[in-house]
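Novice: Heads up: the sequence shown runs through residues 0 to 169, numbered per numbering that gives the first Met the number 0. My questions will all concern the structure given below.
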Amino acid sequence: MSTEHCCCGYIHIGALIIGYLGIIFGSIELLEFAFTGNGKCIMISALNVIIGGCILYADKYHKPGGYLPYLIFGAIGIAIYTVFIVSFFIMAMAVPGTLLSYTQHYSYEIQHKDREKTAIRVTFFFAAAVMAFIDWIAIWLWMVVYRAYQHMKGVEEYDRGQTYQVKLTV
0 MSTEHCCCGY IHIGALIIGY LGIIFGSIEL LEFAFTGNGK CIMISALNVI IGGCILYADK
60 YHKPGGYLPY LIFGAIGIAI YTVFIVSFFI MAMAVPGTLL SYTQHYSYEI QHKDREKTAI
120 RVTFFFAAAV MAFIDWIAIW LWMVVYRAYQ HMKGVEEYDR GQTYQVKLTV
């Protein structure tokens, strides 16, 4: 049994919960996108189900390699979210002229220009804050699965040592 803990108790239980959530939400998305006919989203949902299944496989059979798909795709997703957060923050600091000229078309007075610029900035800051919160949750989940991966590597080495240990009787 694992001696490492997370919010759910033992670390492998936290990883199992993440795997089950991936399967459940991926299946719901899969059904939703199958009815709407969205091909790209069907592939992403199927990938979520497969990755969740890999986590369950890794825990059941003590194979740390089963955690790697989640760790790889999770790291890619975290990197993409971070790029978006930085981009939204930069766009909030320097409101693009294209957005301002787009909103000026609907403006009736010069005073509205400053209001529109402020509204655009607030929108970008809000989007960056929401994405930072989502990124923080993704990082935390990734760390739980990574700790389960590290623990499972130790369990696999222990199992291998027990399996291949031979007693020599003389």
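All residues carry an ideal CB built from backbone N, CA and C; glycine is no exception.
1) Taking DSSP's pairing of strands, which residues face C5 in a bridge?
2) So A91 and A127 are in contact, right, with Cβ under 8 Å, and what is the actual spacing, rounded?
3) Should Y69 and I50 be called a contact, given that it needs their Cβ atoms to be closer than 7 Å?
4) In chain order, what residues of the same chain lie with their CB nearer than 6 Å to the CB of N37, ignoring the 5 residues before and after it?
5) If we call anything under 7 Å between Cβ atoms a contact, is I41 one with A137?
6) What are the start and end residues of the alpha helix (DSSP H) that includes Y56?
7) By DSSP, does A93 sit in helix, in strand, or in coil?
8) Leaving out the 5 sequence neighbours to the left and right, which residues in its chain are closer than 8 Å to A45 when beta-carbon positions are compared?
9) For the segment 140-153 against the segment 116-125, do three or more pairs of beta-carbon atoms, one drawn from each stretch, fall closer than 8 Å, so that the two count as touching?
10) If you draw a straight line from the C-alpha of L167 to the C-alpha of I75, how long is it?
11) Can you confirm whether the segment 57-71 touches the segment 82-91 when touching is taken to mean that 3 or more C-beta pairs between the two stretches lie within less than 8 Å?
12) Are the beta-carbon atoms of R146 and I54 separated by less than 7 Å?
13) Are the beta-carbon atoms of N47 and G64 separated by less than 7 Å?
14) Pull up the distance between the alpha-carbon of I43 and that of V129, whole angstroms please.
Specialist: Quick answer:
1) As a first step, residue 5 is located in the sequence shown; it is residue number 6 there, counting from the start. DSSP lists G8 as partners of C5.
2) Indexing the sequence shown from 1 puts residue 91 at position 92. Indexing the sequence shown from 1 puts residue 127 at position 128. The Cβ separation is near 7 Å, so the contact holds.
3) Reading the sequence shown from its first residue, position 70 is the one you call residue 69. Reading the sequence shown from its first residue, position 51 is the one you call residue 50. Their beta carbons are under 7 Å apart, which means Y69 touches I50 by this criterion.
4) In the sequence shown, counting from the first residue as 1, residue 37 sits at position 38. So the list is empty, once near-sequence residues are dropped.
5) Walking along the sequence shown from the start, residue 41 turns up at place 42. Walking along the sequence shown from the start, residue 137 turns up at place 138. The answer is no: Cβ separation not under 7 Å.
6) Here residue 56 refers to the residue found at position 57 when the sequence shown is read from its first residue. It spans G38 to Y60 - the alpha helix (DSSP H) in which Y56 sits, taken as one unbroken run.
7) Counted from its first residue, the sequence shown places residue 93 at position 94. Note: A93 maps to coil in three-state DSSP.
8) For the purposes of this step, residue 45 is taken as the residue at position 46 of the sequence shown. Only G25 and L29 meet the Cβ criterion.
9) no
10) On the sequence shown, position 168 is the one that residue 167 refers to. On the sequence shown, position 76 is the one that residue 75 refers to. Confidence is the limiting factor: at L167 the pLDDT is only 48, short of 50, which leaves the residue's position unreliable and the question unanswerable from this model.
11) no
12) Locating residue 146 in the sequence shown gives position 147, where the first residue counts as 1. Locating residue 54 in the sequence shown gives position 55, where the first residue counts as 1. No, Cβ-Cβ distance for R146 and I54 is not below 7 Å.
13) Mapped onto the sequence shown, residue 47 falls at position 48. Mapped onto the sequence shown, residue 64 falls at position 65. Cβ distance not < 7 Å, so N47 and G64 don't count as in contact.
14) By 1-based counting over the sequence shown, the position of residue 43 is 44. By 1-based counting over the sequence shown, the position of residue 129 is 130. Roughly 22 Å between the two C-alpha positions.
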